[in-house]
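One line per chain: the protein sequences are A, B, C and D, in this order. Using the working numbering, the first residue of the first sequence is number 303, and each one after it goes up by one. Using the working numbering, the first residue of the second sequence is number 303, and each one after it goes up by one. Using the working numbering, the first residue of the third sequence is number 303, and each one after it goes up by one. Using the working numbering, the first residue of the fourth sequence is number 303, and each one after it goes up by one. Note sheet for the following structure.
Number of protein chains: 4
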Amino acid sequence: MQCGVVGASGYTGGELLRLLAGGGQARVVRVSANASAGKPVGAVHASLRGVYTLVFEEFGAERFDGLDCVFVALPSGEAMRVVPALSGRVGKIIDLGGDFRLADAAAYETYYGRRHTAPDLLGKAVYGLPELNRERIRTASFVANPGCYPTSALLGLLPALQENVIRPEGIVITAMSGVSGAGRSSSVELSFTEVNESIRAYKVGKHQHLPEIRSVLEGAAGVPVSLSFVPHLVPLTRGIFTTIHADLQRPVTTGDVLALYERRYAAEPFVRVRHDVPEIRAVAYTNFCDMTVLVEPSTQKLVILSVIDNLVKGAAGQALQNMNIMFGYPERHLLQ
Amino acid sequence: MQCGVVGASGYTGGELLRLLAGGGQARVVRVSANASAGKPVGAVHASLRGVYTLVFEEFGAERFDGLDCVFVALPSGEAMRVVPALSGRVGKIIDLGGDFRLADAAAYETYYGRRHTAPDLLGKAVYGLPELNRERIRTASFVANPGCYPTSALLGLLPALQENVIRPEGIVITAMSGVSGAGRSSSVELSFTEVNESIRAYKVGKHQHLPEIRSVLEGAAGVPVSLSFVPHLVPLTRGIFTTIHADLQRPVTTGDVLALYERRYAAEPFVRVRHDVPEIRAVAYTNFCDMTVLVEPSTQKLVILSVIDNLVKGAAGQALQNMNIMFGYPERHLLQ
Amino acid sequence: MQCGVVGASGYTGGELLRLLAGGGQARVVRVSANASAGKPVGAVHASLRGVYTLVFEEFGAERFDGLDCVFVALPSGEAMRVVPALSGRVGKIIDLGGDFRLADAAAYETYYGRRHTAPDLLGKAVYGLPELNRERIRTASFVANPGCYPTSALLGLLPALQENVIRPEGIVITAMSGVSGAGRSSSVELSFTEVNESIRAYKVGKHQHLPEIRSVLEGAAGVPVSLSFVPHLVPLTRGIFTTIHADLQRPVTTGDVLALYERRYAAEPFVRVRHDVPEIRAVAYTNFCDMTVLVEPSTQKLVILSVIDNLVKGAAGQALQNMNIMFGYPERHLLQ
Amino acid sequence: MQCGVVGASGYTGGELLRLLAGGGQARVVRVSANASAGKPVGAVHASLRGVYTLVFEEFGAERFDGLDCVFVALPSGEAMRVVPALSGRVGKIIDLGGDFRLADAAAYETYYGRRHTAPDLLGKAVYGLPELNRERIRTASFVANPGCYPTSALLGLLPALQENVIRPEGIVITAMSGVSGAGRSSSVELSFTEVNESIRAYKVGKHQHLPEIRSVLEGAAGVPVSLSFVPHLVPLTRGIFTTIHADLQRPVTTGDVLALYERRYAAEPFVRVRHDVPEIRAVAYTNFCDMTVLVEPSTQKLVILSVIDNLVKGAAGQALQNMNIMFGYPERHLLQ
């Protein structure tokens with residue numbers, strides 16, 4: 303099986319290449335990265351020197367002709383120009399950016415701050431959260447890989463919301479992310495001295511993952527959902543910790559809800575329901591999402607704690623999990 | 303003016319000594335620390351070598367006889383044995399631990415996991431949050447210095463709650479703390495390799511600062527308050543970031559609430575209301591609390607973001623601010 | 303092929319288990335860890351929950367009877383009691399600790415601070431640095447896996463020393479290590495707040511890796527070697543950066559020495575000679591050693607810079623590389 | 303006393319402002335920063351909001367007319383345009399950059415990569431290392447504040463070199479610096495994700511502090527000096543750890559050399575000679591330089607370990623120490 307990666311010079315692209323080098327069935331034969339065209343993979347991703355002999359090329363859809371699977375790891379706003387060009391030329395497309403996760407062009411414009419240039423493709427991608435959409439992913443030719451925050455929040459919320467344990471309005475999502483989530487960047491704000499020994503919230507109420515979370519929840523629950531989402535930048539490289547509060551819909555105990563989550567995820571290869579508090583260390587460099595739930599009697603709220611590695615389950619690992627489903631490999635292929 | 307510090311070998315005690323070395327009116331003449339008795343201050347706090355020539359002594363109330371002000375910087379559970387012994391022998395006492403912050407012995411036992419051995423002193427200390435209790439602090443002889451999380455949460459919540467902007471039930475406090483808040487420790491859980499590149503929540507719904515926050519809010523607002531409090535340990539040494547969600551009681555705009563906070567804190571030397579997002583870097587090594595507020599129309603919630611340095615405004619700095627008030631110094635004395 | 307791991311609850315043991323889970327030919331069927339006996343692997347190594355169903359047992363040599371390969375990942379001082387008991391019962395033994403790296407019992411006592419209790423086994427283990435001893439490792443039944451600092455220093459020094467580019471006396475090795483090298487620990491010195499935002503040297507001139515480096519160099523070069531070794535603890539979890547200065551024996555250029563190193567390591571799967579400065583990021587979570595060399599005309603010194611991941615090439619990864627050599631697998635098996 | 307700061311928007315400028323806010327005799331009345339002209343100090347240095355009401359102005363020498371002391375905290379290359387313009391207009395000038403530390407225009411061009419535009423001023427500044435040049439600083443009107451690495455290395459080397467304990471050739475300086483030393487930057491190389499969990503050497507043999515260290519040593523010892531200098535970037539914000547190896551000139555013991563250092567620095571307010579290993583934590587946010595020395599009998603080398611906070615003793619704190627000397631204040635004024 304032959305793969306290509308468009309936009310392979312960023313952190314997500316590098317993580318994809320790292321995982322794909324693991325000796326599985328999929329072979330990367332083509333990588334593009336406009337700003338690094340002409341450079342070998344190892345010149346950009348020093349850890350991959352000697353692992354890949356490929357050279358980055360400038361993007362051209364024809365270069366990817368006939369490949370079985372192409373991963374698009376571009377910043378949002380660029381994939382919407384690349385995906386239409388690839389359509390029909392390649393077997394399957396997995397887009398790791400945000401351009402095709404929302405079905406609604408207006409919401410895209412509001413939260414991403416630009417017009418969508420391929421609005422006819424909106425709603426055409428299957429949202430690549432295997433725990434929600436496995437069967438549709440299996441036959442999809444175009445998958446929109448979920449965002450990092452949404453992966454963590456949705457896996458935490460879906461069982462409780464779909465089983466009417468919690469109310470769909472007033473959900474509070476407070477999330478903390480490592481800095482790799484912001485991509486390779488030269489901004490002062492992301493320099494070591496500004497991030498280290500500090501924490502800051504950002505894009506409060508305006509983050510582009512807010513409508514993604516909301517629309518997936520609404521689709522899954524069939525009711526309108528309102529939620530607050532406050533992401534924070536914390537001084538670590540990888541990982542997301544998501545803490546969620548939601549109002550209980552009916553009286554339940556912590557044990558009830560844990561049992562519900564364990565049933566829901568019993569067959570999932572990458573979700574681990576814990577009876578104690580999860581931590582990022584346990585999922586770093588893995589495709590796992592660890593989580594737990596607690597009922598707070600005094601406030602009648604459900605507290606959900608969910609952690610992932612933003613570059614793996616929140617990006618490249620989940621993309622491979624989707625590839626495995628789309629191509630009939632075992633789901634753990636290349637993911638341990 | 304002559305001061306003593308009981309339990310001066312921990313991080314809070316060290317920070318007190320650092321600030322008191324700043325050349326002000328207060329002179330430290332006595333330091334006790336049982337496990338370090340006989341060692342000079344600089345052998346325990348290497349940064350203070352050459353700054354202090356004092357030697358730690360074993361605690362004995364008589365050693366502090368006649369001092370103007372004694373700071374008790376012991377772990378919770380020890381102060382309740384020390385404070386009764388000091389009473390009457392010294393001018394004023396400022397306890398930086400948790401033993402005298404709650405008025406209710408039953409709540410103390412529930413959240414601190416031990417019986418209170420000086421229940422008659424409960425409710426006798428003035429809660430040392432200057433922004434709430436300045437006048438009472440001025441004449442107090444015994445002050446219970448607030449906890450780090452409560453300082454950050456209360457300063458964020460009080461204006462909105464007291465002005466009926468938010469509802470008193472269902473308040474959600476999600477807080478992230480640096481590791482110095484846990485004190486000098488030899489546990490595996492606080493070792494570098496377990497904390498670095500990770501985040502974990504802890505004591506969810508059971509943290510001893512939960513009843514402290516709730517009882518102060520109830521006292522200030524005159525109504526029952528219910529709240530959820532989830533603290534997280536993040537890989538930095540100093541600082542607390544607190545993100546609060548509360549339901550609006552009446553329709554307001556972000557501008558309205560910002561104006562309210564600015565009025566409330568206009569004369570406060572250590573509270574800075576910002577129109578953008580606060581960050582820990584801006585308050586590290588200072589006694590400032592930086593904060594902002596935002597109204598979220600879609601959820602009808604108020605989002606409050608509040609940051610402090612847990613060792614300064616959350617502990618030693620606030621203790622000095624209280625000392626300044628109690629002894630008639632300018633409030634910025636020793637605090638820049 | 304069936305493997306066992308003795309002392310599998312530490313960081314090195316955990317890293318071994320992580321790598322061995324990668325779907326290769328070797329299967330772990332037995333793990334011991336006295337203090338964690340009875341606990342499943344995932345209760346100690348949270349990242350391995352759901353990956354292993356094995357339960358830690360108390361050590362007993364008979365439990366490992368007949369296994370093809372047993373890894374001993376105990377702290378120094380414990381392996382010398384375990385290895386004699388395993389001998390003859392199992393196929394091959396790879397000891398990752400320091401008990402069998404030195405041939406000299408007196409040196410062991412001096413640097414490790416205890417008598418060796420199995421002195422007859424000293425000198426019996428093949429020193430498991432594949433780039434030096436590959437052929438002897440191939441047929442060995444007992445391998446002493448090199449220390450982390452020695453791996454980094456020796457790979458940097460051997461080509462220049464063996465080719466008489468540098469003088470064997472007065473070599474200066476300054477090394478910086480991440481904290482995982484100290485093992486899972488509950489000491490105050492290794493707590494986050496003491497390590498973060500700090501650097502300290504330790505065991506200057508007394509570190510147990512000093513005689514290991516010296517004796518291997520002397521064995522390889524056939525001349526007495528004198529060297530200074532100053533290790534530093536720096537605030538990161540994984541990785542060693544080693545900077546070496548040695549006096550030139552004869553006039554050479556940087557280009558000459560680079561060419562020499564590239565020839566020496568041309569066929570090595572895990573050594574990458576660079577023309578620019580190496581960095582830990584590029585080798586983290588890999589079995590690579592990256593290095594470069596520079597000639598300083600003004601001092602007539604050779605500067606050697608060498609980096610590894612202390613838990614991989616400096617411990618568990620190199621142990622697997624040795625296993626691969628001993629059992630005839632491709633050297634990259636399980637190591638990507 | 304009235305002060306001004308040119309280039310006050312960087313980290314060094316910010317640290318100067320922080321220290322000068324400490325309530326001493328010196329008052330900052332003028333701050334310039336071209337790129338931030340028009341912004342209040344607190345908009346650039348968030349920690350100083352409410353501490354200063356000053357507004358950054360564009361630089362113009364006339365704006366500083368008549369001030370008692372002007373600090374120039376510009377990047378190297380800019381001070382050489384500013385200092386000539388200030389000369390004669392202001393009382394005293396302290397330049398914190400590298401433009402006036404070297405007396406030799408050719409060396410400047412080699413190491414700084416540009417021609418010096420004020421070569422007539424080279425050699426006119428007193429090199430502001432109080433422990434070496436206190437008496438000359440006292441009467442100087444123009445001081446070149448030492449670089450951060452040089453401060454740490456020189457304080458460590460001077461006693462041994464001047465007392466002929468060590469040989470002046472072949473000195474090896476290996477130094478590790480926090481990232482604030484690189485200034486506020488928007489480069490990818492200094493972004494959090496590239497620096498965190500990594501170490502890298504840089505400018506090996508080419509760093510501009512190499513000729514500074516060498517020329518000061520040569521001036522102080524009166525003999526030619528040759529040295530190797532390898533700086534490393536490590537993941538912390540503040541602090542420099544410098545490890546030095548030098549060949550002994552004559553047989554001495556560790557005790558002899560410690561005694562020599564203690565005598566030499568007995569009256570120094572900011573040098574602390576330790577009998578154990580220094581660490582950055584103990585000097586962070588202080589103007590101290592902590593150090594120790596060890597004789598290694600096996601290599602006949604002296605090992606010197608020296609630590610400072612690069613922003614304080616390595617920059618702003620030392621500048622204030624120089625100001626204190628120049629203006630007759632106690633040396634600890636504003637520095638504790």
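Cβ atoms here follow ideal geometry from the backbone N, Cα and C, with glycine treated the same way. Nothing here was measured: the structure is a model prediction, and the numbers come from that model.
query	result
Let me see if you follow: with CB-CB separation under 9 Å, is Leu-327(C) close to chain A or not?	The sequence shown places Gln at residue 327(C), rather than the Leu named in the question. No, Gln-327(C) does not count as interfacial toward chain A.
Spatial neighbours of Gln-602(C) within its chain, please: CB distance less than 6 Å, with the 5 preceding and 5 following residues excluded, ordered by chain position.	Leu-550
Closest to Ser-608(C) by CA distance: which of Glu-317(C), Thr-539(C), Ala-586(C) and Asp-370(C) is it?	Ala-586(C)
List, in order along the chain, the chain A residues whose C-beta lies closer than 7 Å to that of Arg-486(C)?	Under the 7 Å cutoff, chain A gives no residues; its nearest Cβ is about 12 Å from Arg-486(C).
Does Asp-422(C) come out as helix, strand or coil in the three-state DSSP assignment?	helix
If we count the other Cβ atoms within 10 Å of its Cβ and call it buried at 16 or more, is Pro-526(B) buried or exposed?	exposed
By DSSP's criteria, Cys-591(A) is part of a beta bridge. Which residues make up the other side?	Val-573(A)
Go ahead and label Gln-638(D) buried or exposed: buried means 16 or more other beta carbons lie within 10 angstroms of its beta carbon, across all protein chains shown.	buried
With three or more C-beta pairs closer than 8 Å as the rule, is the region 383-402 of chain D touching the region 417-428 of chain D?	yes
Hey, out of Ile-582(C), Lys-615(C) and Leu-404(C), whose CA is closest to Ser-517(C)'s CA?	Leu-404(C)
For Pro-342(A), collect the residues of the same chain with a Cβ closer than 6 Å to its Cβ; drop the 5 residues on either side in sequence, then sort them by chain order.	Val-357
Could you tell me which whole alpha helix (DSSP H) segments of length 4 or greater appear in the region 475-525 of chain B?	494-497 and 511-523
Based on Cα-Cα distance, which residue from Tyr-410(C), Cys-371(C) and Pro-432(C) lies nearest to Lys-615(C)?	Pro-432(C)
Measuring alpha carbon to alpha carbon, tell me which of Gly-324(D), Gln-327(D), Val-346(D) and Gly-325(D) ends up nearest Val-333(D).	Val-346(D)
Ends of the alpha helix (DSSP H) at Ile-627(C)?	619-629
Span of the beta strand (DSSP E) holding Gly-306(D)?	304-308
Closer than 8 Å, Cβ to Cβ, to anything on chain C: give me those residues from the region 344-368 of chain A, in chain order.	Ala-348, Ser-349, Arg-351, Gly-352 and Val-353
Pairs of beta-carbons, one from the region 617-627 of chain B and one from the region 441-460 of chain B, closer than 8 Å: are there three or more?	yes
For chain D, check one thing: does any of its Cβ atoms lie closer than 9 Å to the Cβ of Asn-498(C)?	yes
Give a yes or no on whether the minimum CB-CB distance between Gly-324(D) and chain B is below 9 Å.	yes
Does the Cβ of Glu-581(D) lie closer than 8 Å to at least one heavy atom of the ligand ATP?	Among the ligands in the structure shown, none appear at all, so the ligand ATP cannot be discussed.
Go ahead and pull the three-state DSSP assignment for Lys-615(C).	helix
For chain D, is any of its Cβ atoms less than 9 Å away from the one on Leu-492(A)?	yes
Using CA atoms only, rank isn't needed, just tell me which of Ala-523(B), Gly-399(B), Arg-416(B) and Gly-449(B) is closest to Ala-462(B).	Ala-523(B)
List, in chain order, every chain B residue whose beta-carbon is nearer than 7 Å to that of Ala-503(A).	Thr-545, Val-579 and Leu-607
If we define contact as Cβ-Cβ less than 9 Å, is Tyr-563(D) a contact residue for chain B?	no
Give me the Cα-Cα distance between Val-374(B) and Thr-453(C), rounded to the nearest whole angstrom.	50 Å
Quick check on DSSP: helix, strand or coil for Arg-351(A)?	strand
Does the region 585-599 of chain D touch the region 558-565 of chain D, meaning 3 or more C-beta pairs lie closer than 8 Å?	yes
At 9 Å on the CB atoms, spell out the chain D contacts of Tyr-587(B), in chain order.	Arg-320, Ser-349 and Tyr-587
Indicate whether at least one CB of chain C lies closer than 9 Å to the CB of Gln-638(A).	yes
Checking contacts by CB at 9 Å: is Ser-600(B) closer than that to chain A?	yes
Give the DSSP bridge partners of Glu-359(A), in chain order.	Ser-334(A)
Beta carbon of Arg-391(C), beta carbon of Phe-366(C): below 9 Å?	yes
For the beta strand (DSSP E) that contains Pro-533(C), what are its first and last residues?	529-535
Measure from the alpha carbon of Glu-499(A) to the alpha carbon of each residue in Leu-535(A), Glu-520(A) and Leu-457(A), then state which is nearest.	Leu-535(A)
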